[in-house]
Amino acid sequence: MLKKIYRLLALLIGLAAIIVFAGYSIKTLSIENISHYARSQVLEGIIVAALFYATIIPVSAWAWKNMLANINCPRSWYELSMIMGITQIAKYLPGNIGQHIGRAAMSMTRGISIRPFLLTVFSETLLTLLAALAIGSVGVFFSQSGLTGFAFVHQTIFILTLIGILVLALLLYRPLVPHLLKRFFPAHTNSSLEGLLPGTFTLLRSFAAYSLNYVMIGIGFFLMATILLPDVKHDFMLLLASFSLAWVAGFVAPGAPAGLGVREVIMLGVLSTNYSGSNGLLIIASFRLATILGDSLCFLIAYLMLFFSRRATPSS
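Read in order, the letters of the sequence shown correspond to residues 638 to 953 in this note's numbering.
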């Protein structure tokens with residue numbers, strides 16, 4: 638019953654966010670704005686951001702490979718990149734669970750059993766969320782757009798405190814994860830998890846990989862904004878924070894496909910300190926197109942990888 642209420646609430650939040658963002662866009666953008674922004678630089682900026690965004694698949698596959706190898710389930714980076722690239726596109730289905738179902742099905746058909754899959758993907762989800770919060774917090778704290786105004790000593794204290802919290806979270810992960818798994822996946826936690834949880838060093842490396850994902854996306858976002866609006870002074874840390882924190886919001890309220898609407902509303906709020914309404918809408922809408930293009934590019938490359946791997950081993 639509670640799950641049904643949560644799903645309904647998440648769906649309503651997602652629909653409300655889409656309506657709010659669409660209404661704001663219609664109110665803010667005029668025909669003159671649209672014609673002014675319809676130029677070749679927009680496409681160039683979107684392509685640049687998409688290429689940086691697409692790096693998340695090989696980086697995430699590397700982290701997944703390390704976690705699987707650490708629990709005695711070795712798989713090649715090539716195969717895991719292929720699985721993630723193909724199933725990533727399913728996140729645009731309503732409910733935001735299509736990619737997880739597809740990834741589980743494809744993984745099991747390729748010999749990754751359900752327990753190693755659940756344990757590593759569960760770890761991936763928690764570490765990705767932690768990385769988004771960490772990178773987003775750093776971005777907000779070091780932004781030059783007026784969100785914060787702390788002296789160097791305060792910034793140093795903040796970084797040291799954040800590092801301490803991250804280390805504590807990683808140390809507490811192994812004793813806490815069995816309780817979390819029993820809460821979310823009770824059917825798969827009846828037996829001992831000994832030897833099936835990635836080690837602390839592996840988790841730390843995976844966390845670094847997921848943090849790198851957000852930094853790469855932020856670089857692409859910054860370059861795209863610079864290409865789209867060359868006359869505007871851009872704040873890299875603010876752009877980095879806007880996407881990272883918006884991803885967290887989309888994760889918490891997963892009603893809309895790929896966080897559509899929810900993430901845009903959060904990004905509008907964060908970027909409003911540095912961009913006018915029309916400029917903010919331009920880079921946010923362009924960035925959404927860049928992520929769709931990036932996911933499509935990953936799907937295409939992964940599908941070609943699958944095609945050629947099947948030709949190399951016809952029996953599979």
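Glycine residues also receive a C-beta, built at the ideal position from the N, C-alpha and C atoms.
None of these values were measured; they are calculated from a predicted model.
Per DSSP, what kind of secondary structure is residue i in: helix, strand or coil?
{"i": "Leu767", "result": "helix"}
{"i": "Phe658", "result": "Low local confidence applies: a pLDDT of 48 at Phe658 is under 50, so the model's placement there is unreliable, and no value is given."}
{"i": "Asp868", "result": "coil"}
{"i": "Thr910", "result": "coil"}
{"i": "Gln781", "result": "coil"}
{"i": "Arg900", "result": "helix"}
{"i": "Ile938", "result": "helix"}
{"i": "Gly931", "result": "helix"}
{"i": "Arg947", "result": "helix"}
{"i": "Arg752", "result": "helix"}
{"i": "Pro812", "result": "helix"}
{"i": "Leu834", "result": "coil"}
Between residue i and the rest of its own chain, which residues show a CB-CB distance below 7 Å, the 5 nearest in sequence each way excluded?
{"i": "His871", "result": "Phe859, Ala862 and Thr863"}
{"i": "Val696", "result": "Ala846, Leu849 and Asn850"}
{"i": "Ser744", "result": "Ile720 and Phe754"}
{"i": "Asp932", "result": "Gln725 and Ile726"}
{"i": "Gly722", "result": "Ile694, Cys935, Phe936, Ile938 and Ala939"}
{"i": "Thr762", "result": "none"}
{"i": "Phe888", "result": "Leu766"}
By Cβ distance below 6 Å, which residues in the same chain neighbour residue i in space, the five residues on each side in sequence not counted?
{"i": "Tyr847", "result": "Leu764, Thr765 and Ala768"}
{"i": "Phe689", "result": "Met853, Ile856 and Gly857"}
{"i": "Leu908", "result": "Ser879 and Gly917"}
For the alpha helix (DSSP H) that residue i lies in, which residues bound it at each end?
{"i": "Leu860", "result": "Thr837 to Leu865"}
{"i": "Ile734", "result": "Run containing Ile734: none; DSSP gives neither H nor E here."}
{"i": "Ser697", "result": "Ile693 to Asn707"}
{"i": "Tyr715", "result": "Trp714 to Gln725"}
Quiz item: Is the segment 716-735 in contact with the segment 772-779, if contact means three or more CB pairs nearer than 8 Å?
Solution: no
Practice problem: Decide yes or no for the touch test of the segment 873-883 against the segment 832-843: beta carbon pairs closer than 8 Å, at least 3 of them. | Solution: no
Quiz prompt | Three-pair Cβ contact test at 8 Å for the segment 695-711 versus the segment 908-919 | solution = no
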